[in-house]
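Enquirer:
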Amino acid sequence: MNQEEREKKARLKTTEILKRRLLRDAEKGGINSLTVGPPGAGKTNQLIHDCKNIFKHHPEELVFWWDNPESAAQYARKGIEYEIFVETDVTPIFRNLTEGGTIKKKYTVFNSFNDLINMDTGKGLAKPKQINAIYFKNKYSIIDFISHLRKTVGFQSVFIDEIECIIPLNPPKLPHEDVNIRYQKNIEFSETAKEARKDLVNIFGDTQDVADIDHRFKRKLNMIVYLSGSKVDKRSRVRESSVNNLPIGKGFVCYERSIFGKIRFDYYPALKPVFSVNL
Ligand SMILES: Nc1ncnc2c1ncn2[C@@H]1O[C@H](COP(=O)(O)OP(=O)(O)OP(=O)(O)O)[C@@H](O)[C@H]1O
Ligand SMILES: [Mg+2]
32 MNQEEREKKA
42 RLKTTEILKR
52 RLLRDAEKGG
62 INSLTVGPPG
72 AGKTNQLIHD
82 CKNIFKHHPE
92 ELVFWWDNPE
102 SAAQYARKGI
112 EYEIFVETDV
122 TPIFRNLTEG
132 GTIKKKYTVF
142 NSFNDLINMD
152 TGKGLAKPKQ
162 INAIYFKNKY
172 SIIDFISHLR
182 KTVGFQSVFI
192 DEIECIIPLN
202 PPKLPHEDVN
212 IRYQKNIEFS
222 ETAKEARKDL
232 VNIFGDTQDV
242 ADIDHRFKRK
252 LNMIVYLSGS
262 KVDKRSRVRE
272 SSVNNLPIGK
282 GFVCYERSIF
292 GKIRFDYYPA
302 LKPVFSVNL
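Numbering-wise, the sequence shown is residues 32 to 310 according to the working numbering.
1) Going straight from the alpha carbon of Glu118 to that of Asn142, what length do you get?
2) My output table needs one value for Ser214: the three-state DSSP class, helix, strand or coil.
3) Just the Cα atoms here: how many angstroms apart are Leu231 and Val184?
4) Is any heavy atom in ligand 1 found nearer than 7 Å to the beta carbon of Lys44?
5) Report the three-state DSSP secondary structure of Glu219 (helix, strand or coil).
6) Looking at Ser259: is its Cβ nearer than 8 Å to the Cβ of Ile279?
7) Should Leu277 be labelled buried (16 or more other beta-carbon atoms within 10 Å of its own) or exposed?
8) Consider the C-beta atom of Thr75 and the heavy atoms of ligand 2; say whether any pair is separated by less than 7 Å.
9) Answer yes or no: the CB of Gln105 versus the heavy atoms of ligand 1, is any distance below 7 Å?
10) Go through its chain and collect everything with a Cβ distance to Arg295's Cβ below 7 Å, but skip five positions before and after it.
11) Taking contact to mean 3 or more Cβ pairs, one atom from each stretch, closer than 8 Å, check whether the region 242 to 256 and the region 214 to 221 are in contact.
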């Protein structure tokens, strides 16, 4: 069998791929998915489209979003409900990136993870059918938050835009950062992600290149979404040339490095003004 025939054999219909992406089967566990594409390939739009699908097909599921607090809040898009949650003791500054200066934004303060979602009741400040954008004092708190979600009932989803901010591969030595802590956190994140899947927590991340993130987490992935221009894993059944022929708004989902299929996603324009949340 040549590569083309192998690709044909492994290919699933779009509806089947979507069904798998939206499957919430406690026995199979959750999803660890990574969306890959060069700058501007549509990664954030694709994740937002996933959120929309969850709101529609699993209206009870809580959707959390982690964004790099230094950069633009990429979840603030047309047609998407969102609420900003900020950890207590931090005063956020909302910078207007479109016109300069700062803007006022409504936000909700939380003291503990239990405030967002209570371990026993599953209820809290976070609401379904909206993006619950969470800002922590320390970015690594997202790992502890995922551990918290593991103890709650039912499926929840965590979206991590630009996941290389949390688990970079071979992190460069920044003067203010301790490389050993980064190394430990990379391991901790991968282990948490592995267990989270079994405990009904879905993790959806995106990054520009699979090579930018820690290889341990790569092994915990059960789906990779390739957008046009991305470098395809050698073990994947989909060919790089097929990926590179994709128009914007389409992607290939590779499921556990064997079967794969095409998906499409809509465009959700950024809300004006574009802002960042600085802590
Ligand atoms: N489904 C789509 N249909 C048409 N155009 C799209 C679609 N999705 C994204 N785009 C275009 O691509 C641009 C970039 O999208 P997006 O911000 O999602 O990319 P990204 O990969 O997250 O970029 P970055 O690496 O800068 O974060 C959008 O502003 C829009 O112009
Ligand atoms: Mg983006």
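Each residue gets a CB set at the ideal place from its N, CA and C atoms; glycine is no exception.
Expert: According to the structure shown:
1) 6 Å
2) In the sequence as presented, Ser is not what sits at residue 214; that position holds Tyr. Tyr214: helix per DSSP, three-state reduction.
3) 8 Å
4) no
5) helix
6) yes
7) Leu277 comes out buried.
8) yes
9) yes
10) Gly280, Lys281
11) The region 242 to 256 makes contact with the region 214 to 221: 3 or more CB pairs, one atom from each, lie closer than 8 Å.
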